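Heads up, the thing below is written out as structure tokens.
Chains as they are written, first to last, in the numbering used here: chain A, 168 to 518; chain B, 168 to 518; chain C, 168 to 518; chain D, 168 to 518.
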């Protein structure tokens, strides 16, 4: 049953495996007239590149975006945009030893249960490499959003238990963790080094801020803007929790604390995270995604093989210590896709 | 743009306003041969009845479920099931004073921004009363799940800052909060009484446990089981956060702590919440939804009216102190719908 | 698997059986601000009323439209519109003798094969009565079209082998067959009387003309305007063929005959039926649907029962001699729904 | 608004332009475990190859199918299958003269009206070359059908006014027109030579026969099997009419002639074309598509340019005289896709 499409009017369909010929996305529903080049896509893709920081895998894919269709003379035509990234530098033999073993925390066991067959090379379809296609689509979504003066930005708010204190957005690109607090970034660096030494991995929290989203986006009752954002972020492999605005902390507040008072200049607070009754209220949209630690670790773990026999596993090789910071751009892409989709949806009901 | 359908193979479409003629749901895709009566639906609807506890509104709707189609001789036929609940006891005049004022924390402002028109009577479509239709659909989904020996159960894990310590599921129906810890329930009672006295409201956390879900449900990469659960729960008006298994706490764990070791008897821990790579792994599925405090409070708040003028508002009348415990059965319904949908989806790819 | 929805942005979902409690439709995606009353719906429903002509069944249902939601102060609000028609005057006992027999030309055999259960009362879901819900939805679609000055009109171009010669649209409501040629209408009357005498039934052809459709509607490559029209009409039970513009006759033409020359005042001919490459070209849209004779006839026929035994059947009782003319308004409704849907779809891609 | 996907459980999304980098399809929902190789796809693609007959264009594309994903060790894995065909031998300069002129019978005018921009090279997305992607997807659908012993076969029943008399399916591959009547094929050859001499083009009719389709496929009320077939075929650019079984001729029959009598050995006739009430009845499914003459002709035609000025046009270059016979395999592909989709849909509702 098809689960590889997302979005209703700005609809993306991704394909590809970690160690197959390549990965990519078909974007159906992008309006005509949006300026688009391979460079625009490439510069977004480059932000999820392995090797941008010490926390990341040493696999050095080219990840070169090729626009196969839907763009003519550097402008979208309204027809499907297919963007393809070929796989290079894929060393499948590194996965040969785990061919019959279920890596804890990975989808090996569940993919086999579901499909009775699995492409074990690099995790196949369940690899984090699948997010390449999301980022490529996100670049197109961002182009739509930017035309409407909407800015969408993801950054690291926590890594390995180290929390960003301040939110100085101008600092995000000044450190390898895309962290808005340089002091915290420094501590994150130490934390990552320590975790790496143990052969372990770390998780964290990504925050995405969407600024300039007009009032009125979101389609109750099921396609609420927050519901679609929750699905978008939770559909990223490593994400285990999503919250909007005050999020989980709202559950401990009183109504008088949690309600955002309204003035003619706007809201005095933003516990709602920019969304009321599933519709954007004009304020900043703020979502957070909880990212689990990378399951591939060098420390020995207990598991079973496909025949049910007890085994141990220790995963060496080129693996990230944390999905953060590379996952930031993936979250940013997914939020951009949701906002672009709802922008188009809102147009349809206007006279 | 349509946002009132949910599910792909077990597809529900809800309709209705708080103070219109009624509300209901069309369920398209329910397999034939499922025993179904109005009593089955009614007993689930009764669990969201106002007045089941001191925390709840004093509106006493009948909420009588009428099955209009899709059932013949007490068995589903495979054709669409329409279930209707007529509105009774709706006192629209109570909302007359707020006709032009935006209640903080409500969708008044955003509905008007989106549609340029709004049915102000009782919140119209944005009322929590909309969940009546979800619960009716959930009763049908539960009937499908139960045929496969899947049990789905929601309970209160936190209310007004009081956390349930233990998880004794046998106690859930022994207290007015559907709390699995009777001591906590006692404290919740006091807390609610206190909040009521202040004219304020409280939030909480609902936990949903799905037991017996077979391995293999969930459709990567976007329709992951956890992604669909996140959307399902976040689409409930009062919910501001969703997490699966260890959820947000996973972000602070190391990989060696968070990975669930596998044995031939199953997983040793369940940080994954029963889902790996978006597919059920055979273990218990555990999701949590953060519920914000009810925005309608007696305490005076600052707001504006539709003409942009500054106003104050104090909402008297019959309102819940907390969406909890009534929202439990709504969460249970939504999780049941997701599981039923994926059960059918999984059948489609099997030979 | 759900098949009871149609349309993507103007999305309808129908429910109900011939002899159940009622039938109806949920319309999700109707833009806000469209004037709508029960009278508007009712007057369209009245056009498919049995008993409007000698060709029709003597069942006298009230078919009273009740708008349950989505309309406030006689204007649509953007929320789902549910329209319900209760079943009255349903004499299920007339169907008791055919409970276990498969009526030739009907869905008795196939519904049982598909669902293993069937509501035999009046054909259940496969009854032509299902089109009540389509017509109700069509009334809303027409209201959207009319706001854009689009006129959609269905009429009988052939009945029982009698072809309308002229196309005088002003005559359509002057005869019981909705025929644009009064001479042909006279002959149809005689033909129907003759067929009735034999205990037989007759088919015909309905033509639908959509005037004023702007250039640019239709979404290649699969949701071409003609593709959606073909599905819309072929989904009506009695329809066995659909053609656009020159249709089947185009297959015998030369390119030089079939191409419509273009001038700055428009097209010189309209073999295309107003659609080029799946997109409206601004000219009249013209579609034709071939309607089979009603399968319920008094003449004795050979068939089998559900146990596989050979039987004969002769169907007495109140049945139409032809689906024409009642099916006209159903075709008009379906074309209106397709056009309204594509109007909204086109808005979404415009800046 | 997205219109480039077709099918619900076997869902295809096509992309690509005639003279862009390539074309292709993502198939989402193909069950795992289906044997699939590039050779299987290639042999179906080869059947739409230009140059298979005198009626066809002299463009000699390689049309080499590359499976990019979803297949592992020559078996489908359940993940999306992307098949790509690169464009070679594309001479865009041949289209340069028509860059600003609307070719009659083509989508030039309507694409520009819709999108305000168009890729004029070879018709861009509106080119018949788009069907390459459909055929590739059809090869996968056929593999699913064949596993269930369903045979789907398209052939030419009419070309340029010459009708096939007999239906000897063993002869279809013995003549360049895929015609089941060798005498008619001979006449078609002469007819095509004559039309070519005049610089004109010809249309025809394709018939598709699906044998072995089990009872029970098709989802009332809108996704009837015949409704989906009608959309599938009408979505092919050159098709202007579709009929099922007796089709348009049913409109002139009496009920007693048109009903197919039922015996315990099956139906005595097949006017229904294998479909009753939208559900397959176990008999052969028979659909016919009316194909218009190719609009690109050498004969001079009147038209306008994009500035509204009157022009004449005469289209030289490598063009087919008729879409037939190449369109046969496209029709066969589309019918296969519909049947495969409904096979999966039917599984979902079975216990």
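Ideal placement from N, C-alpha and C gives every residue a C-beta, glycine not left out.
All of these numbers come straight from a predicted model, not from anything done at the bench.
Should residue i go down as buried or exposed, given a rule of 16 or more other Cβ atoms within 10 Å for buried?
i                      : result
residue 487 of chain D : buried
residue 221 of chain A : Reliability of the predicted coordinates at residue 221 of chain A is poor, the pLDDT of 46 falling under 50, and the value obtained from them is presented with this limitation in mind. So residue 221 of chain A ends up on the exposed side.
residue 432 of chain C : exposed
residue 310 of chain B : buried
residue 390 of chain C : buried
residue 417 of chain C : buried
residue 304 of chain B : buried
residue 435 of chain B : exposed
residue 361 of chain A : exposed
residue 351 of chain B : buried
Can you give me the C-alpha to C-alpha distance between residue i and residue j, rounded to a whole angstrom?
i                      : j                      : result
residue 403 of chain B : residue 249 of chain C : 21 Å
residue 513 of chain A : residue 175 of chain A : 12 Å
residue 219 of chain C : residue 453 of chain A : Interpretation of residue 219 of chain C is limited by its pLDDT of 45, a score under 50 that renders its predicted location unreliable; no figure is taken from the coordinates.
residue 124 of chain D : residue 347 of chain D : The displayed coordinates of chain D run from 168 to 518. Any statement about residue 124 of chain D would go beyond what the structure contains.
residue 503 of chain B : residue 198 of chain A : 37 Å
residue 455 of chain D : residue 411 of chain D : 7 Å
residue 223 of chain D : residue 461 of chain D : Caution applies to residue 223 of chain D, whose pLDDT of 47 falls short of 50 and renders its modelled position unreliable; the model cannot decide the point.
residue 255 of chain A : residue 291 of chain D : 31 Å
residue 296 of chain C : residue 276 of chain A : 50 Å
residue 272 of chain C : residue 274 of chain D : 40 Å
residue 440 of chain C : residue 370 of chain D : 16 Å
residue 235 of chain B : residue 424 of chain A : 44 Å
residue 395 of chain B : residue 301 of chain D : 30 Å
By DSSP, does residue i sit in helix, in strand, or in coil?
i                      : result
residue 318 of chain D : strand
residue 438 of chain D : coil
residue 341 of chain D : helix
residue 221 of chain C : Below a pLDDT of 50, predicted positions are generally treated as unreliable, and residue 221 of chain C, at 46, falls in that range; no measurement from the model is reported.
residue 207 of chain B : helix
residue 510 of chain B : helix
residue 333 of chain B : coil
residue 174 of chain A : coil
residue 429 of chain C : strand
residue 388 of chain D : coil
Which one or two residues does DSSP pair with residue i in a beta bridge?
i                      : result
residue 202 of chain B : B:242
residue 468 of chain B : B:480
residue 234 of chain A : A:250
residue 368 of chain C : None; residue 368 of chain C has no bridge partner.
residue 182 of chain C : C:191
residue 453 of chain C : C:376
residue 411 of chain D : D:454
* **Near-chain D residues of the stretch 404-423 of chain C (beta-carbon distance less than 7 Å), N- to C-terminal order** => 404, 407, 408, 409, 410, 411, 412, 413, 414, 415, 417, 418, 419, 420, 421, 422, 423
* Taking a Cβ distance cut-off of 7 Å, strictly less, list which residues of the stretch 238-267 of chain B are near chain A, in chain order. => none
* Of the residues that make up the stretch 377-402 of chain B, which ones have a beta carbon closer than 9 Å to any beta carbon in chain A? -> Look at the stretch 377-402 of chain B: the residues with a C-beta under 9 Å from a C-beta of chain A are 381, 382, 383, 384, 385, 386, 387, 388, 389, 390, 391, 393, 394, 395, 396, 397, 398, 399, 400, 401, 402.
* Asked: Just by C-beta distance, which residues in the stretch 182-207 of chain D are closer than 9 Å to chain B?
  -> 196, 197, 198, 199, 200
* Taking a Cβ distance cut-off of 8 Å, strictly less, list which residues of the stretch 290-309 of chain C are near chain D, in chain order. => Under the 8 Å Cβ criterion, the stretch 290-309 of chain C contributes 292, 293, 297.
* Taking a Cβ distance cut-off of 8 Å, strictly less, list which residues of the stretch 444-464 of chain C are near chain D, in chain order. => 444, 445, 446, 447, 448, 449, 457, 458, 459, 460, 461, 462, 463, 464
* For the stretch 505-516 of chain B, which residues have a beta carbon sitting closer than 8 Å to at least one beta carbon of chain D? -> Of all residues in the stretch 505-516 of chain B, 511, 512, 514, 515, 516 have a Cβ within less than 8 Å of some Cβ in chain D.
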